[in-house]
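Enquirer: Here the sequence shown stands for residues -26 to -1, 1 to 552, numbered as in mature numbering (1 follows the signal peptide of the UniProt record, and there is no 0).
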Amino acid sequence: MGPPNTMAQSLSLAAALLFSLPTGLAAPEQAWLGYSGSNLNNRWASSNTLINSSTIAGASVHCRIPFPGGISVAPTVIGNTAYFPAWNGSITAVDYTTCRTKWQINVTALIESFGPPASPMQAALIAAVSRTTPQVDVKNKILYFATFRQALVFAANLDTGQILARIQIDTHHLAQITQSPSLHLPTNTLYLGVSSSEESTVSFDPNAGSSNSSEPYTFIGTAVAVRYSIPQKKFTILWTRKTLPEDDQRPGSPGRWSGAAIWGSQPAIDTSRNSVYYATGNVYSVPDAYLPCTADPTLCTIPDRVWQNSVIALDLNTGYPKWARHLGPLDSWTVACTIPPINPDLCIGSPGPDADFAIAPVYVPKSQQSQSPPGGKGKGKGNNPPEKIDDLLVIGQKNGEIHALYASTGQVKWSTKAGPGGQSGGIMWGISVDNSGRVYFNEANTASTSWKPGPLPSPGSPDTRPTVAGGAHSAVDLQTGKILWQIPTKENALASNPPTVVGDLVVMGWQDYRTFDAGGNMIFKGGLKFMKKGTGEVVKELDLGEYHLAGVSVQGRYLVFGTGHHVFFNGSLWVLKV
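In structure tokens:
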């Protein structure tokens, strides 16, 4: 936290910076709460009956509100209001039925009032904005949001935007919040993770990260539970859990573990087991004893307590680890591994594939799972009975793999290589799971690798799949991981967006920035595809003419989403109405 005497000043400043219009909260019909719409992290508008393949043809642009820097996460949508952050440094509440702003918070000013940048590197690498979807306590009219720089969490009045409280959840100067929070309402507890820009420091300082540098790699990812007291208007950190052992963090010791950030979507909450599920990224550095493993991962086993590229289950109340599942070999990587000539002091051994989990797992309770697989009638092989249905976790990885794990143990049920990997995906920003027995996702292919999307041909049959160098909109069988369909993007575009399932549709997005006009300027593209979720048949397409990365939120007859990303890609808030 900042100096205690700055809190009142910060709250007064927030009030002065607030622009508010009279507002009331309509009774929620189908609230889309958080990044993925629910604490299951599943991106499924399960109760919506108004948007489907029969009605989507009539969808039109209801309004488009430009935002400098754009909007790169899905809004929280309650009643007639959408709440979202933008890269211009604001959190905004918009009545999307009238397209009028209700109020706006200057997040940049809040961060600056907390204190100056903790270091020149923080100022250079981490913008003073919020870039995560807010959470909402509708009953008590509280909006919660997190910040990119300084890793702050705020509570605000839902109707006015007035700031109520704040807390810093990680003091590392390169800590940042890129994961949207999940809110457990019975206890007023927010669950979220902490990531870092530390693996990118070489782009600011060529020697950063070196053991001889004043900026060695020291960051460790953290899972955090933050409880808010409504009567006291005060946050308390309930627990924190590091993703790597801290014993190896002694300054001057022979190497150390660092990295394993917690990046995106939102943690999945499983109240039946009192568990919260996270996933982690690659490590930045390793103790000297593990240097041989970076050249040949088969030489040693990753210690159980080193949760790199892992899915983890933690107790909701204590943060106690119930299980952790490594998915892949040792993966030590930083941006220094991409800049030739490779400096061995910054990129040790052979760099890993940068196969982060950029998202948290989706929790799929057995009550949500179809008793009949998409291609069958619910029977097992031969005359065997149907396979027992268990609660599952499903998650995609930047290396193009998608996995299902048993929620009770973390044991892997299946893993499928769905497409090429890449430093920006692979599978990057989110996946969707409904009750049809299918998992939906975008395979981004940001490395522009040539590949053949689609189900493998039967033995002896010719392979008629097209060879493409772009992404693909995809679905696999929840129980087996079998690829059901993959539809290539138009013109070899990328596809990093998280999908949204509504009715019999899955809404997929795409984007591109790899073409240039005659003057050498980037041409930013993006669009939506509305596809029948059973087959991938495209029912409707919408070319947005803007870079589109954020997911779509659903409410009644409306679809609300953003375009743009950071200072490079300006964008807008878009509202479609069926």
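Note that the Cβ used here is the ideal one computed from N, Cα and C, for glycine as well.
How big is the Cα-Cα spacing for A5 and A329?
Expert: Taking the first residue of the sequence shown as 1, we reach residue 5 at position 31. Taking the first residue of the sequence shown as 1, we reach residue 329 at position 355. If I take the Cα positions, the gap works out to 33 Å.
Enquirer: What would DSSP say about K514, mapped onto helix, strand or coil?
Expert: Taking the first residue of the sequence shown as position 1, residue 514 is located at position 540. Residue state, collapsed to three classes: strand.
Enquirer: I'd like to know whether the C-beta atoms of P335 and L367 end up nearer to each other than 7 Å.
Expert: As a working note, residue 335 is residue 361 in the sequence shown. As a working note, residue 367 is residue 393 in the sequence shown. Result yes, Cβ atoms of P335 and L367 sit closer than 7 Å.
Enquirer: Just list the beta strand (DSSP E) runs in the region 80 to 119, keeping only unbroken ones of 3 residues or longer that don't cross its boundaries, in chain order.
Expert: For the region 80 to 119, whole beta strand (DSSP E) runs of length 3 or above, ordered along the chain, are 109 to 111.
Enquirer: Tell me the rounded alpha-carbon separation between I313 and Q397.
Expert: Translated into the one-based positions of the sequence shown, residue 313 becomes position 339. Translated into the one-based positions of the sequence shown, residue 397 becomes position 423. Rounded to whole angstroms, I313 to Q397 spans 14 Å at the Cα level.
Enquirer: Judging by CA-CA distance, which residue of G399, D144 and V112 is the nearest neighbour of A130?
Expert: Sequence index remark: in the sequence shown, residue 130 carries index 156 (1-based). Residue V112 is the option with its Cα nearest to A130.
Enquirer: Evaluate contact between the region 61 to 79 and the region 14 to 25, counting only Cβ atoms and requiring at least three cross-stretch pairs below 8 Å.
Expert: Short answer: they don't touch.
Enquirer: Nearest-angstrom Cα distance between residue 553 and V198?
Expert: One cannot answer for residue 553 here, as it falls past the ends of the chain, which runs -26 to 552.
Enquirer: Can you check whether the C-beta of R201 is within less than 7 Å of a C-beta belonging to chain D?
Expert: Note that chain D does not occur in the displayed structure, where there is just one protein chain.
Enquirer: Would I100 and F119 qualify as a contact pair, given that the criterion is a beta-carbon distance under 7 Å?
Expert: As a working note, residue 100 is residue 126 in the sequence shown. As a working note, residue 119 is residue 145 in the sequence shown. Cβ distance not < 7 Å, so I100 and F119 don't count as in contact.
Enquirer: Flag this pair as touching only if the region 23 to 30 and the region 79 to 99 have three or more C-beta atom pairs under 8 Å; answer yes or no.
Expert: The answer is no - the region 79 to 99 does not touch the region 23 to 30, with fewer than three Cβ pairs under 8 Å.
Enquirer: To the nearest angstrom, report how far apart Y9 and G302 are at their CA atoms.
Expert: Position 35 of the sequence shown, counted from the first residue, corresponds to residue 9. Position 328 of the sequence shown, counted from the first residue, corresponds to residue 302. In a straight line, the C-alpha of Y9 is about 27 Å away from that of G302.
Enquirer: To the nearest angstrom, how far is the alpha carbon of M496 from that of S422?
Expert: On the sequence shown, residue 496 is found 522 positions in, with the first residue counted as 1. On the sequence shown, residue 422 is found 448 positions in, with the first residue counted as 1. Between M496 and S422, the C-alpha separation is close to 17 Å.
Enquirer: Roughly how many angstroms lie between the CA atoms of A182 and A253, to the nearest whole one?
Expert: Locating residue 182 in the sequence shown gives position 208, where the first residue counts as 1. Locating residue 253 in the sequence shown gives position 279, where the first residue counts as 1. Looking at the two C-alpha atoms, the distance is approximately 26 Å.
Enquirer: In three-state terms, what does DSSP make of K456?
Expert: In the sequence shown, counting from the first residue as 1, residue 456 sits at position 482. In the structure shown, K456 sits in coil (DSSP, three-state: anything other than H, G, I, E or B).
Enquirer: Tell me, please, which residues DSSP counts as bridged to L479.
Expert: Translated into positions along the sequence shown, residue 479 becomes position 505. L479 is bridged to V476 and K506.
Enquirer: Would you kindly work out how many angstroms separate the C-alpha atoms of C274 and A92, rounded to a whole number?
Expert: For the purposes of this step, residue 274 is taken as the residue at position 300 of the sequence shown. For the purposes of this step, residue 92 is taken as the residue at position 118 of the sequence shown. Between C274 and A92, the C-alpha separation is close to 38 Å.
Enquirer: Measure how close the beta-carbons of E173 and V285 come, nearest whole angstrom, since I'm counting them as under 8 Å.
Expert: Counting from 1 along the sequence shown, the entry for residue 173 is found at position 199. Counting from 1 along the sequence shown, the entry for residue 285 is found at position 311. The Cβ separation is near 20 Å, so there is no contact.
Enquirer: What first and last residue would you give for the alpha helix (DSSP H) that runs through L265?
Expert: Here residue 265 refers to the residue found at position 291 of the sequence shown. Element bounds for L265: L265 to A269.
Enquirer: Give me the Cβ distance between A135 and S169, rounded to the nearest whole Å; I'm assuming they're in contact under 8 Å.
Expert: What you label residue 135 is simply residue 161 of the sequence shown in a count that begins at 1. What you label residue 169 is simply residue 195 of the sequence shown in a count that begins at 1. The amino acid occupying residue 135 in the given sequence is Gly; Ala does not appear at that position. About 26 Å; that fails the 8 Å criterion.
Enquirer: With DSSP as the reference, label residue 576 as helix, strand or coil.
Expert: What is shown of the chain runs -26 to 552, which leaves residue 576 out entirely.
Enquirer: Quick one: is L430 buried, meaning 16 or more other Cβ sit within 10 Å of its Cβ, or exposed?
Expert: Position 456 of the sequence shown holds residue 430. It counts as exposed.
Enquirer: Ordered along the chain, which non-local residues of its own chain (more than five positions away) have a Cβ less than 8 Å from that of I376?
Expert: Counting from one through the sequence shown, the residue named residue 376 turns up at place 402. Same-chain partners within the cutoff: V368, I369, G370, S389, T390, A392, I401, I405, V413, F415, V450 and G455.
Enquirer: With H, G and I counted as helix, E and B as strand and the rest as coil, what does DSSP make of Q32?
Expert: The residue labelled residue 32 in the question sits at position 58 within the sequence shown. The amino acid at residue 32 is misidentified as Gln; the sequence shows Gly. Helix at G32.
Enquirer: So R230 packs on P261, CB below 8 Å; how close in whole Å?
Expert: On the sequence shown, position 256 is the one that residue 230 refers to. On the sequence shown, position 287 is the one that residue 261 refers to. Right, their Cβ atoms sit about 6 Å apart.
Enquirer: Can you give the beta carbon distance from N466 to M482, rounded, assuming they're within the 8 Å contact cut?
Expert: Here residue 466 is taken as the residue at index 492 of the sequence shown, counted from 1. Here residue 482 is taken as the residue at index 508 of the sequence shown, counted from 1. In fact, because the Cβ distance is near 15 Å, the residues do not count as touching under 8 Å.
Enquirer: Mind listing, in chain order, the continuous beta strand (DSSP E) runs of no fewer than 3 residues lying wholly within the region 170 to 218?
Expert: Runs found: 196 to 203 and 208 to 216.
Enquirer: Could you give the distance in angstroms between the alpha-carbon of S249 and the alpha-carbon of G293?
Expert: Residue mapping note: residue 249 aligns to position 275 of the sequence shown, counting from 1. Residue mapping note: residue 293 aligns to position 319 of the sequence shown, counting from 1. Near 9 Å, if we compare the C-alpha coordinates of G293 and S249.
Enquirer: Is A449 helix, strand or coil by DSSP?
Expert: Numbered from 1 along the sequence shown, position 475 holds the residue referred to as residue 449. Reduced to three states, the DSSP call for A449 is strand.
Enquirer: Decide if K340 is buried, meaning its Cβ has at least 16 other Cβ atoms within 10 Å, or exposed.
Expert: The sequence position of residue 340 within the sequence shown is 366, counting from 1. The residue in question, K340, is exposed, as its Cβ has fewer than 16 Cβ neighbours within 10 Å.
Enquirer: Rank T537, D486, N162 and S306 by C-alpha distance to the C-alpha of G44 and give the top, closest one.
Expert: In the sequence shown, residue 44 corresponds to position 70, counting from 1. The shortest C-alpha separation from G44 is found at T537.
Enquirer: Thinking C-alpha only, which one of G63, V338 and G444 is nearest S246?
Expert: On the sequence shown, residue 246 is found 272 positions in, with the first residue counted as 1. Among G63, V338 and G444, the Cα nearest to that of S246 is on V338.
Enquirer: Using CA atoms only, rank isn't needed, just tell me which of P42, I25 and T50 is closest to G11.
Expert: As a working mapping, residue 11 is identified with position 37 in the sequence shown. Closest by alpha carbon: T50.
Enquirer: Please classify R488 as buried or exposed, where buried requires at least 16 neighbouring CB atoms within 10 angstroms.
Expert: In the sequence shown, residue 488 corresponds to position 514, counting from 1. With fewer than 16 other Cβ atoms within 10 Å, it is exposed.
Enquirer: Rounded to whole angstroms, what is the Cα-Cα separation between A443 and Q96?
Expert: Translated into the one-based positions of the sequence shown, residue 443 becomes position 469. Translated into the one-based positions of the sequence shown, residue 96 becomes position 122. Whole-angstrom Cα-Cα distance: 36 Å.
Enquirer: Buried or exposed for S324, going by 16 or more other Cβ atoms inside 10 Å?
Expert: Reading the sequence shown from its first residue, position 350 is the one you call residue 324. It counts as exposed.
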